[in-house]
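See structure below.
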Ligand code: URA
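In the working numbering, the protein residues as written are 5 to 305.
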């Protein structure tokens, strides 16, 4: 069947496919229309759209573009029912070493200009820091002024408190991995906006899939709501476990079942309201119990 596609429809389809790629969705199935439920005209439209999506996806796969997986993306044809389309998969799928995987993700991120934060005064991208094989990962909201200057998450006052929380758990900062929902400083430390979180999130998902932590601690409501895609108050979010699998991406370790996720207060909130530190400690104790970590013994003064 020859395909003459309305340019506007083609553009919209291309955008859709790009969006799916950026969300980490690569495998497109062509679902056969249920003919009995379609009129002839609908059936024709469905066939055109299905073929177009295939064409758009395939052409995007070969089109160089600054996208999530642009630089090292591998074109793959996934075996199956023979109806899958050409897809791009992230470069790190080919490596099992988390150090190499994180490096590839960082390279794909490049000097990111995918959202407006790149034009709003950020000095540098704050990718993440810590042990690439960490069992425990902390996710905050976004870099502040100190993090923007130093290129490392949680290095300011809130970072000092996070370090103390990690130490109280009997761990060192180098044992865990620390990242944020967005990797660029929002101007004036405002809350990152939805489109910014959505644009940045696939990279965080890929970091999580590469690190394969046992536990993720979401620091504050912004991190929790973005990771869990639910809108709830801190009192509803805290005090329980969530099963967490990074959306749209695979881990190189097929045996990795995903992480457990707990929510606690953001250290910056605890600086403003230190009375809540006891509550945060309860959250961390829940995490320690699960990971089998004994709190360090207090040395006699
Ligand atoms: N607050 C965050 O959420 N992240 C940082 O990196 C620093 C402060």
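We put the CB at the ideal spot given by N, CA and C, even for glycine.
Asked, Found
"Contacts around residue 75, its chain only, beta-carbon distance under 8 angstroms, and the 5 residues preceding and following it disregarded", "Note on residue 75: pLDDT 38, under 50, position unreliable in the model; the coordinate value appears next. Here the set comprises 95, 111, 112 and 114."
"Check: residue 142 C-beta below 7 angstroms from any heavy atom of ligand 1", "no"
"Ranges of the beta strand (DSSP E) found wholly within the region 262-295, counting only runs of at least 3", "263-268"
"Cβ-based neighbour list, residue 185, same chain, cut-off 8 angstroms, excluding 5 preceding and 5 following", "143, 144, 145, 146, 196, 201, 204, 205, 208, 226, 227, 230 and 231"
"Touching by the beta-carbon criterion (3+ pairs, under 8 angstroms), the region 211-220 and the region 96-105", "yes"
"Between the CA atoms of residue 259 and residue 289 - distance to the nearest angstrom", "27 angstroms"
"For residue 250 and residue 172, the rounded distance between their alpha carbons", "28 angstroms"
"For residue 191, the nearest candidate out of 116, 301 and 148 (CA to CA)", "148"
"Same chain, Cβ closer than 8 angstroms to residue 176, five either side skipped, listed in chain order", "170"
"heavy atom of ligand 1 below 7 angstroms from residue 146 C-beta", "yes"
"From 187, 123, 179 and 122, residue whose alpha carbon lies closest to that of residue 109", "187"
"Option in 133, 137, 174 and 139 with minimal Cα separation from residue 163", "133"
"Cβ-heavy atom distance, residue 151 to ligand 1, below 7 angstroms", "yes"
"Exposure label - residue 240; buried when at least 16 CB within 10 Å", "exposed"
"Opposing strand residues paired with residue 133 [DSSP bridges]", "182"
"Heavy atom of ligand 1 within 7 angstroms of residue 122 beta-carbon", "no"
"Whole-number beta carbon distance between residue 189 and residue 264, since they are thought to touch under 8 angstroms", "About 30 angstroms separates the two Cβ atoms, so there is no contact after all."
"Proximity to residue 183 [Cα-Cα], best of 275, 159 and 247", "159"
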